[in-house]
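At position 7 of the sequence shown (counting the first as 1) the number is 7 in full-length UniProt numbering, and the numbers step up by one without a gap.
Even for Gly, the Cβ is constructed at its ideal location relative to N, Cα and C.
What follows is a set of notes on a single structure, which appears directly below.
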Amino acid sequence: MKKILAFLRAHILPVIAIVVVALGAVVYTSAHNQVSAKPGRTKIVFWNEMGGPAEVALDQMVDKFNKSQTKYEVIPQYQGAYDEAVQKIIQSHGSSASPALFQSFDISTAQMMHSKYTTPVQKFIDADHYNVSDISPVARSFYSNKGKQLAMPFNTSQPVLYYNATLLKKYHITPPAKSPSYSDVTRVAEQLYKRSGHKVKGMTMEIYGWLMEEALANAKTSLVNNGDGHTGNPTKINLNNPTTKNYLKWIRTNIKSGDFVNYGSGASAETNEIAAFLAGKLGIFVQSSAYIGQLTTGNKDKLGISYFPHPDGKKANGVGIGGAALWISNDKPKKVQKGAFEFIKYALRPDSQANWQKATGYLALNRQSQSQPALKSLYAKQPEARVPGEQLAAAKPNNTNSGILMEGMQLTRELEETSMETVYDGGSISKALSTANQGMNANLKTTNRANHDYQ
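This is how it looks when you write it as structure tokens:
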């Protein structure tokens, strides 16, 4: 597998949790030593996949919650990378080792829903009369199905367009619009490449299935039927559509003009594009908003940020989110599940979300967070940090910008990336997409056959 959610690799430490199977029980190691709650408190075991600075910020949030009340005690336990953690969650369900609360990434949403191992948070929202209107509708819609909130979004990012504002000013180039079209981005890239005497490459677009899916979302085009899985289980995938062809033709235009540089796929591609950008050798790239901190720390050049580009002649529909959500296991007593939801509410408070964005780069999902001191001070130092949140707030949720609710997304992305690589290397766009489409639909058919119980 080439990669899974590469934009998050910058925030996940390559720590592999060890699974020990003994006497029929599954036991997992953790980055935290705490295993029991204080006397009189209900223990809430919280499995998460946050490494590095995000782990520190999460631990601080948990500590503040535990000190804010005396009824519950959340115990965070790091479980490795997202795809590994999902398997642990599935395998441990129903045992004493399973968590009460867990973090699961976006493309596992359908798997979690079909597993029937969780209690939809809608149950607690209704019981508490909890007002979710301040929480980003687009983010919430990614983890909902048929009007029911399955989980609550937590660590959330969006793809944005980064550009070197200092270089553009140096070469007297008008920056791209806040919500740029494909041709607007091409204009900037070509001008930068030519006016720099070919010393600066205009742009790159990583070979990444997530970015291709976002191009479809922003053009209000579904990848799979049944409303991208939101109105029913998907039975057909259509990657070989006019929107995808237009997206790849746009990239090919820049490849032919010479202003485009291909760094390939995966973590090495991201490392190289960021290094080139910071060195002033690359003018534009599209990537997760979670990189803002990395792109501003110690950067002598001014960073510019625009929305994800949209096709010419089409209004931007908005893009889907990346990241993960908080889920509640249904194999724990009611009081434990209730405690898990109490922490979710705390994590989504305006102050909690503001501090979370400032510390990690993930977006504050509570709109009241924008008036919090943490974000005010962040925006005073880095005005461009506002842009991803503004892009999220500007979108109105619909099936095409609310994520793809389908199992087998890992293989789907591999096939998307293979088609992109073929096109970048000069191959036929239609043939590449047709080949990917066949593989995707074959995999979907196999998946649906295996999961016939919910069809």
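Please return the same chain residues whose Cβ sits closer than 6 Å to the Cβ of G227, not counting the five positions on each side in sequence. Excluding positions up to five away in sequence, the list reads N399.
Just the Cα atoms here: how many angstroms apart are S371 and A393? Cα-Cα distance, rounded: 15 Å.
Segments of 4+ residues assigned as alpha helix (DSSP H) that fall wholly inside the stretch 87 to 172: For the stretch 87 to 172, whole alpha helix (DSSP H) runs of length 4 or above, ordered along the chain, are 109 to 115, 122 to 128, 137 to 142, 165 to 170.
Using a Cβ-Cβ cut-off of 8 Å (strictly less than) and excluding sequence neighbours within five positions of S430, which residues of its own chain qualify? Answer for S430: N240, K245, listed in chain order.
What are the partner residues of P39, as DSSP defines its beta bridges? In the DSSP assignment, P39 forms no beta bridge with any residue.
State the CB to CB distance for the pair A374 and N355, rounded to an integer number of angstroms; the pair is presumed to be in contact (CB under 8 Å). Between A374 and N355 a beta carbon distance of about 5 Å is seen, short of the 8 Å cut, so the two are scored as contacting.
Complete runs of the alpha helix (DSSP H) confined to the stretch 371 to 437 [at least 4 residues]: Qualifying alpha helix (DSSP H) stretches, in chain order: 373 to 381, 386 to 394, 409 to 424.
Along the beta strand (DSSP E) that carries A359, what are the first and last residues, could you check? It is not in any beta strand (DSSP E) - A359 instead sits in the alpha helix (DSSP H) that spans 350 to 360.
How many Å lie between V121 and K281 at the Cα? Going by the C-alpha atoms only, they are around 47 Å apart.
Tell me the DSSP secondary structure of G320 in three-state form. Of the three classes helix, strand and coil, the one that applies to G320 here is coil, per DSSP.
Restricting to runs no shorter than 3 residues, where is the beta strand (DSSP E) found entirely within the stretch 159 to 245? You should have 159 to 164, 201 to 204.
Collapsed DSSP secondary structure at L365 in the structure displayed: Judged by DSSP in its simplified three-state form, L365 adopts coil rather than helix or strand.
Using C-beta distances below 6 Å, list every residue in its chain close to W47, excluding the 5 sequence neighbours before and after it, in chain order. Here the set comprises Q77, Q79, P99, F102.
DSSP three-state call for V62: helix, strand or coil? Residue state, collapsed to three classes: helix.
So is K445 buried or exposed if we call it buried at 16+ other beta carbons inside 10 Å? With fewer than 16 Cβ atoms within 10 Å of its Cβ, K445 is classed as exposed.
Nonlocal neighbours in the same chain, by C-beta distance under 6 Å from K396, ignoring five residues either side: Excluding five sequence positions before and after K396, none of the CB atoms of its chain fall closer than 6 Å to its own CB.
Nearest-angstrom Cα distance between E387 and S133? The sequence shown places Val at residue 387, not Glu. In this structure, the alpha-carbon of V387 lies about 21 Å from that of S133.
Apply the 10 Å Cβ neighbour rule to G304 and answer buried if 16 or more other Cβ atoms are within range, or exposed otherwise. By the 16-neighbour rule on beta-carbons within 10 angstroms, G304 is buried.
Within the same chain, show all residues whose beta-carbon is closer than 6 Å to that of L248, passing over the 5 residues directly before and after it, in chain order. The answer, listed in chain order, is V423, I429.
Helix, strand or coil, according to DSSP, for residue 477 in the structure here? Outside the displayed range of the chain (1 to 455) lies residue 477, so it cannot be described from this structure.
Kindly indicate the opening and closing residues of the alpha helix (DSSP H) around F277. 266 to 278 is the extent of the alpha helix (DSSP H) around F277.
Residues sharing a beta bridge with I328, DSSP: Paired residue(s): L101.
Given L58, which residues of its chain have a CB within under 7 Å of its CB, disregarding the five upstream and five downstream residues? Only N48, M50, P76 meet the Cβ criterion.
Taking its Cβ as the centre, do 16 or more other Cβ atoms sit within 10 Å of N66, making it buried, or is it exposed? With 16 or more other Cβ atoms from the protein chains shown falling within 10 Å of its own Cβ, N66 counts as buried.
Measure the C-alpha to C-alpha separation of T412 and G229 and round it to an integer number of angstroms. C-alpha separation (whole angstroms): 14 Å.
Beta-carbon spacing of V74, L161 below 8 Å: Using a Cβ distance threshold of 8 Å, V74 and L161 do not count as a contacting pair.
Kindly indicate which residue of K123, R349, A165, Q158 has the alpha-carbon position closest to the one of K148. Distances from the alpha-carbon of K148 to those of K123, R349, A165, Q158 put K123 closest.
Whole angstroms is fine: what's the gap from S402's alpha carbon to A165's? Cα to Cα, the separation comes out at about 31 Å.
Three or more C-beta pairs below 8 Å linking the stretch 209 to 216 and the stretch 305 to 322: Contact holds: three or more Cβ-Cβ distances are below 8 Å.
Residue from T360, Y130, T118 whose Cα sits closest to the Cα of Y143: Taking each of T360, Y130, T118 in turn and checking the Cα distance to Y143, the smallest one comes out for T118.
Throw me the rounded Cβ distance for the T235 and N448 pair, which I believe falls under 8 Å. Yes, they are in contact, since the Cβ atoms of T235 and N448 sit about 7 Å apart, within 8 Å.
Distance check for A267 and G202, CA to CA, integer angstroms please. In a straight line, the C-alpha of G202 is about 21 Å away from that of A267.
Can you give the beta carbon distance from I207 to M406, rounded, assuming they're within the 8 Å contact cut? Taking 8 Å as the upper bound for CB-CB distance, I207 and M406 are not in contact here, some 21 Å apart.
Using the rule of at least 16 other Cβ atoms within 10 Å of the residue's Cβ for burial, across every protein chain shown, is K310 buried or exposed? Residue 310 is actually His in this sequence, not Lys. H310 is buried by the Cβ-count criterion.
Would you tell me roughly how many angstroms separate the C-alpha atoms of V15 and K88, rounded to the nearest one? Caution is warranted here: a pLDDT of 30 is assigned to V15, below 50, making its placement in the model unreliable, and no coordinate value can be reported.
Distance between T418 and I90 (C-alpha atoms, nearest Å): Taken atom to atom, the span from the alpha-carbon of I90 to that of T418 is near 29 Å.
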